[in-house]
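Please read the structure below before turning to the comments.
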Amino acid sequence: MLPPNTRTEADFLKPRAPFKLAAFNVRTFMQVGQQIGLAMSLESLNIDVCCLSETRIQDSGEVLQIRSPSVASKSLFYVRLSGDPVASSSGLAGVGVALSARAEAALVDWIPINSRLCAVRLESSIKVRRNRREKRCLFVISAYAPTDCSPDAIKDEFYHQLSVLLQKVRSTDIVVLAGDLNAQVGRLGTEESRLGGRWGLVGRRSDNGDRLLQLCTDHNLFLASTNFRHSHRRCATWRPPSASQAWTQIDHIAISYRWRGCVKDCRSFWSTYLDSDHALVCANLALLFSGQRSERHQRIDVSKLVATSVASKYRTELASRLATTPPKSIDEHWLQLHDAMKMAGTVSCGFAKRPAFKHWVSSGSLQLIEARRSTPGDREFDHKRRMLRKEIGQSLRKDREAWWSMRANELEAAAASGNYRKLFQLIRATGSKKSGVSETICEDDGMPITNIHRRLGRWAEFFEGQFNWPAAPATSVRLSCPPWPVTTDPPNEEEVRKELQLLKRYKSPGPDDLPPALFKDGGDFLTKELTTLFTKVWELESVPTSWNESIVVPIFKKGSRRSCNNYRGISLLPIASKLLASVILRRLFKTRERLTREEQAGFRSGRGCIDHIFTLRQMLEHRHTFQRPTIVVFLDIRAAFDSLDRTVLWDCLLKKGVPEKFINILKPYIKTPQAE
Numbered sequence: 011m012l013p014p015n016t017r018t019e020a021d022f023l024k025p026r027a028p029f030k031l032a033a034f035n036v037r038t039f040m041q042v043g044q045q046i047g048l049a050m051s052l053e054s055l056n057i058d059v060c061c062l063s064e065t066r067i068q069d070s071g072e073v074l075q076i077r078s079p080s081v082a083s084k085s086l087f088y089v090r091l092s093g094d095p096v097a098s099s100s101g102l103a104g105v106g107v108a109l110s111a112r113a114e115a116a117l118v119d120w121i122p123i124n125s126r127l128c129a130v131r132l133e134s135s136i137k138v139r140r141n142r143r144e145k146r147c148l149f150v151i152s153a154y155a156p157t158d159c160s161p162d163a164i165k166d167e168f169y170h171q172l173s174v175l176l177q178k179v180r181s182t183d184i185v186v187l188a189g190d191l192n193a194q195v196g197r198l199g200t201e202e203s204r205l206g207g208r209w210g211l212v213g214r215r216s217d218n219g220d221r222l223l224q225l226c227t228d229h230n231l232f233l234a235s236t237n238f239r240h241s242h243r244r245c246a247t248w249r250p251p252s253a254s255q256a257w258t259q260i261d262h263i264a265i266s267y268r269w270r271g272c273v274k275d276c277r278s279f280w281s282t283y284l285d286s287d288h289a290l291v292c293a294n295l296a297l298l299f300s301g302q303r304s305e306r307h308q309r310i311d312v313s314k315l316v317a318t319s320v321a322s323k324y325r326t327e328l329a330s331r332l333a334t335t336p337p338k339s340i341d342e343h344w345l346q347l348h349d350a351m352k353m354a355g356t357v358s359c360g361f362a363k364r365p366a367f368k369h370w371v372s373s374g375s376l377q378l379i380e381a382r383r384s385t386p387g388d389r390e391f392d393h394k395r396r397m398l399r400k401e402i403g404q405s406l407r408k409d410r411e412a413w414w415s416m417r418a419n420e421l422e423a424a425a426a427s428g429n430y431r432k433l434f435q436l437i438r439a440t441g442s443k444k445s446g447v448s449e450t451i452c453e454d455d456g457m458p459i460t461n462i463h464r465r466l467g468r469w470a471e472f473f474e475g476q477f478n479w480p481a482a483p484a485t486s487v488r489l490s491c492p493p494w495p496v497t498t499d500p501p502n503e504e505e506v507r508k509e510l511q512l513l514k515r516y517k518s519p520g521p522d523d524l525p526p527a528l529f530k531d532g533g534d535f536l537t538k539e540l541t542t543l544f545t546k547v548w549e550l551e552s553v554p555t556s557w558n559e560s561i562v563v564p565i566f567k568k569g570s571r572r573s574c575n576n577y578r579g580i581s582l583l584p585i586a587s588k589l590l591a592s593v594i595l596r597r598l599f600k601t602r603e604r605l606t607r608e609e610q611a612g613f614r615s616g617r618g619c620i621d622h623i624f625t626l627r628q629m630l631e632h633r634h635t636f637q638r639p640t641i642v643v644f645l646d647i648r649a650a651f652d653s654l655d656r657t658v659l660w661d662c663l664l665k666k667g668v669p670e671k672f673i674n675i676l677k678p679y680i681k682t683p684q685a686e
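Sequential numbering of the sequence shown, starting at 11, is according to our numbering.
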């Protein structure tokens with residue numbers, strides 16, 4: 011369903027390096043510069059997991075990718091958000107979790123609940139002995155509790171949902187609860203030592219504080235945010251808008267009581283790059299991530315083949331790497347050709363490099379953000395902070411306008427020059443980077459899938475059912491047409507050369523990872539080799555085993571993104587197999603055009619659905635002019651080609667007059683298909 015998983019086992023943190031987990035009320039993600047400020051704050055403090063509150067963006071099916079605009083920055087953070095329709099319509103609440111690249115690699119489950127609760131499960135390990143580590147999953151809950159003045163019914167519902175979520179935790183999980191809990195617990199007494207430390211900020215315990223302590227009692231949690239002695243400023247987490255109100259500690263981090271010793275420190279950070287009235291609460295945990303790191307897929311830089319010298323070098327390398335001894339089988343022949351093309355392309359073109367990331371934020375805006383971060387949080391600096399906030403907003407809006415103007419000019423230039431490949435690349439790069447499929451797909455019964463491995467399994471089940479439709483009942487139709495007058499001789503070099511010329515250079519490769527440009531610029535030597543290979547396939551009526559493999563990419567069509575039924579599978583096939591199929595299609599083209607009825611517009615050169623739409627519109631206008639009633643029936647067969655019984659397809663082609671030789675060659679393509 012998705013591109014093949016090439017991830018390998020790896021540890022993401024050194025055994026003695028601390029893992030940092032934080033809670034942060036960002037106040038809003040809708041304001042310009044807030045996401046940038048979050049990325050800069052997380053990078054400066056080396057935070058791996060951050061529980062976010064009050065995001066006001068609540069799309070649980072997408073993953074935001076944010077990074078710092080700093081030139082030297084290489085950190086990328088993945089932000090998942092959770093919400094519900096009621097809160098989304100009002101633009102309130104919203105929670106989420108931001109993960110660093112190494113924490114993202116350890117992600118096992120993503121569990122969005124509503125606009126106040128969400129959770130992630132990460133693979134990690136704990137040192138239990140001197141030379142032994144034990145694998146444990148870290149279950150992190152991001153929470154945003156109702157304020158203390160909210161009705162009791164709302165608070166009761168929140169803590170009930172939180173308790174239900176905690177009851178789903180596995181017995182082996184290490185539970186961490188973090189976020190803006192709007193709870194003042196004050197200093198805990200000696201009889202409450204199992205609930206937290208004695209260094210909480212002095213203050214009156216609120217109703218939410220009592221509820222939080224009761225939750226810790228029921229689920230054996232320990233408030234790590236009260237367990238370390240720090241100054242008043244490093245304990246306080248919220249700065250009230252009024253100067254007469256005292257700073258309070260309402261953001262907390264709690265961990266399973268058994269694993270409280272893993273927390274080495276917990277304190278508040280006020281000097282962050284993000285504009286918020288809350289401090290970032292950060293805890294240092296002695297955990298080790300033991301997830302899976304994705305290996306970077308290296309693509310051959312085929313754009314260099316446009317240069318004549320590089321193309322000539324590629325053809326020379328290709329000719330020198332092919333074995334002179336004839337291969338014994340079709341599979342061996344294709345494997346030799348595949349390896350020679352791959353090595354020749356790598357040597358002559360090298361691998362494509364990722365373009366340098368250029369953020370739209372200017373250096374002037376970064377200087378203003380740094381000035382705001384370094385401004386003390388005392389009341390006498392309130393006016394200065396307000397002025398800086400205003401200047402930052404104006405500067406960022408100017409930067410964004412300048413960036414959009416630059417993008418618009420690039421888009422216009424690409425469209426004017428006819429470079430539609432660059433045009434669509436710029437369009438895709440303009441918006442936020444989004445995954446092709448939803449993060450919250452559902453089972454057949456509508457239950458959301460939280461586990462990443464189960465999500466891949468669900469896609470496998472869906473496409474397996476889609477491509478393996480039950481056999482159709484036997485038909486009694488005995489229609490038969492004379493064979494089409496086309497040649498059934500093996501392909502010659504001229505036919506293969508023509509198909510190579512018609513290849514589109516930058517199309518996606520198949521599972522063999524050979525781009526079309528390597529075939530297109532292979533020259534006469536590659537044309538002869540492919541002709542020899544196609545001749546063997548033609549005579550033996552068998553194809554190489556790897557030609558049965560494909561990569562299926564789900565493309566969203568319409569409806570809910572959570573349902574697999576609303577996606578269409580597009581198969582990426584080996585380019586060589588498509589070349590042979592194109593040769594067969596080219597031979598059948600003229601006869602098919604002559605025999606096809608005039609009303610058929612789909613899959614025909616120079617025609618399309620737009621022609622039928624125009625014809626239907628003309629008919630309706632004509633009927634309306636003469637005030638005649640019209641009945642129109644629209645039929646759409648869901649997944650028509652995917653659910654087609656292939657044996658019936660071969661039978662229909664044979665009865666239509668397609669030569670049996672062509673059918674025998676095409677049958678092995680889908681005899682034992684394998685999709686990734």
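Ideal Cβ positions, reconstructed from N, Cα and C, are used throughout, including at glycine. Nothing here was measured: the structure is a model prediction, and the numbers come from that model.
- When the beta-carbon positions are compared, Ser-110 and Ser-85 come within less than 8 Å of each other.
- Taken through DSSP and simplified to helix, strand or coil, Ser-110 comes out as strand.
- Within the segment 118–183, the runs of alpha helix (DSSP H) that reach at least 4 residues and sit entirely inside it are, in chain order, 162–177.
- In summary, His-170 is exposed, with fewer than 16 beta-carbon neighbours lying within 10 Å of its beta-carbon over all protein chains present.
- In the DSSP assignment, Pro-458 is bridged to Cys-452.
- Residue pairing by DSSP places Ile-265 opposite Val-186 and Phe-232 in a beta bridge.
- By alpha-carbon distance to Ala-293, the top candidate from Ser-322, Ser-235 and His-348 is Ser-235.
- Residue pairing for Arg-578: DSSP places it in a beta bridge opposite Ile-565.
- For Arg-244, there is no enclosing beta strand (DSSP E); the residue is found in the alpha helix (DSSP H) stretching over 242–245.
- Counting only residues of its own chain and dropping the five nearest sequence neighbours on each side, Lys-538 has a CB closer than 8 Å to the CB of Glu-503.
- Shown here for Ile-673: same chain residues with a beta carbon closer than 7 Å to its own, the five before and five after excluded, namely Trp-660, Leu-663 and Leu-664 in chain order.
- Bounds of the beta strand (DSSP E) holding Cys-292 are 290–295.
- Contact check for Gly-206 against Thr-258 fails: the beta carbons are separated by 8 Å or more.
- Unbroken alpha helix (DSSP H) stretches of 4 residues or longer found wholly inside the segment 377–428: 392–427, given in chain order.
- In terms of CA proximity to Gly-355, Ala-321 leads the group Asp-388, Ala-321, Asn-35 and Trp-344.
- Non-local beta-carbon contacts of Phe-391 in its own chain, meaning distances under 6 Å to residues more than five positions away in sequence, involve Thr-385 in chain order.
- Collapsing the DSSP output to three states places Asn-502 in coil.
- According to the DSSP assignment, Gln-75 belongs to the beta strand (DSSP E) that extends over 73–77.
- Between Ala-155 and Ala-193 a beta carbon distance of about 7 Å is seen, short of the 8 Å cut, so the two are scored as contacting.
- Membership of Phe-367 in any alpha helix (DSSP H) is not indicated, and neither H nor E is assigned to it by DSSP.
- Residue pairing by DSSP puts Arg-277 in a beta bridge opposite Cys-292.
- A straight-line Cα-Cα distance of about 15 Å links Asn-558 and His-348.
- Fewer than three beta-carbon pairs drawn from the segment 424–432 and the segment 61–78 are found closer than 8 Å, and the two stretches are therefore not classed as touching.
- With fewer than 16 neighbouring CB atoms inside 10 Å of its own CB, Arg-268 falls in the exposed class.
- For the set Gly-199, Leu-148 and Ser-173, the Cα lying nearest the Cα of Val-185 is the one of Leu-148.
- Under DSSP, Ile-310 shares a beta bridge with Phe-361.
- Assignment of Lys-84 by DSSP, reduced to helix, strand and coil, places it in the coil class.
- Arg-204 sits in coil when the DSSP states are folded into three classes, being neither helix nor strand.
- Put simply, the segment 106–120 touches the segment 444–463. At least three CB pairs are less than 8 Å apart.
- Burial check for Cys-159: the Cβ neighbour count within 10 Å stays below 16, so the residue is exposed.
- The bridge partners DSSP lists for Lys-517 come to none.
- Looking from the CA of Val-562, the closest CA among Gln-476, Pro-337 and Trp-280 belongs to Gln-476.
- Boundaries for Cys-491: no alpha helix (DSSP H) harbours it, and the DSSP string shows neither H nor E there.
- Assigned with DSSP and collapsed to three states, Val-105 falls in strand.
- In the structure shown, the three-state DSSP call for Thr-640 is coil.
- Proximity of the segment 581–589 to the segment 517–532 meets the contact definition, three or more beta-carbon pairs being nearer than 8 Å.
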